[in-house]
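Working notes, beginning with the structure itself.
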Amino acid sequence: MVREKTLPFDQGEQQLTHRIEQLLPNKSVPYYIKCLECVRAFREQSVKLDNAELYNSYLTSLKRSVPNRGLEEFWDLLAQDSLTLISTDEVAGSTVSKQEAKEFMAVMKQEEEAKAEPEPGPDDVDDLLDMM
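Terminal number for the sequence shown in our numbering: 254, no gaps in between.
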């Protein structure tokens, strides 16, 4: 619709984000693929129309909600497709550098890895002492 210019960009963006938010709670790969298509279309049109602000704002908000909503698998798919923030290299009006856009996806991976490594608890230390 936005591509055909029958719908203003901000209304198209609202419809895309609304559709993404409808599909994400299903938490299965086929629905995630549909969400990725919506994110990709949103990103492409944002770049084409030199309007990075709405896309970057939505993606940042989505990232913040990933842990609470259990959407790590979706986020991994997003990262694999390199659907990151729109940088100043793509849209002059963006406030995000190319490096920040690259790091945006990497930060979530680092946070996940940190959570995956359990810290030794008091029982673990006691178990090690018992082994001696």
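Think of the CB as a built atom: it goes at the ideal place given N, C-alpha and C, for glycine as much as any other residue.
For residue i, the first and last residue of its enclosing alpha helix (DSSP H)
i: aspartate 179; result: The identity of residue 179 in the sequence shown is serine, whereas the question assumes aspartate. It spans 174–191 - the alpha helix (DSSP H) in which serine 179 sits, taken as one unbroken run.
i: aspartate 132; result: 131–145
i: leucine 199; result: 194–202
i: isoleucine 155; result: 151–170
Given residue i as reference, the closest of the options once Cα atoms are compared
i: leucine 193; options: Gly134, Ser150, Arg141 and Glu135; result: Ser150
i: valine 213; options: Asn173, Gln167 and Tyr180; result: Asn173
i: glutamine 202; options: Thr182, Glu175, Ser216 and Phe226; result: Phe226
i: valine 188; options: Leu146, Lys156, Ser168 and Ala223; result: Leu146
Inter-residue Cα distance where the pair is residue i and residue j
i: leucine 199; j: glutamine 221; result: 20 Å
i: phenylalanine 196; j: glutamine 133; result: 24 Å
i: leucine 205; j: arginine 165; result: 8 Å
i: leucine 207; j: arginine 186; result: 14 Å
i: tyrosine 180; j: threonine 139; result: 8 Å
i: threonine 210; j: serine 219; result: 6 Å
i: asparagine 178; j: glycine 215; result: 12 Å
i: tyrosine 153; j: threonine 217; result: 31 Å
i: glutamate 143; j: lysine 224; result: 24 Å
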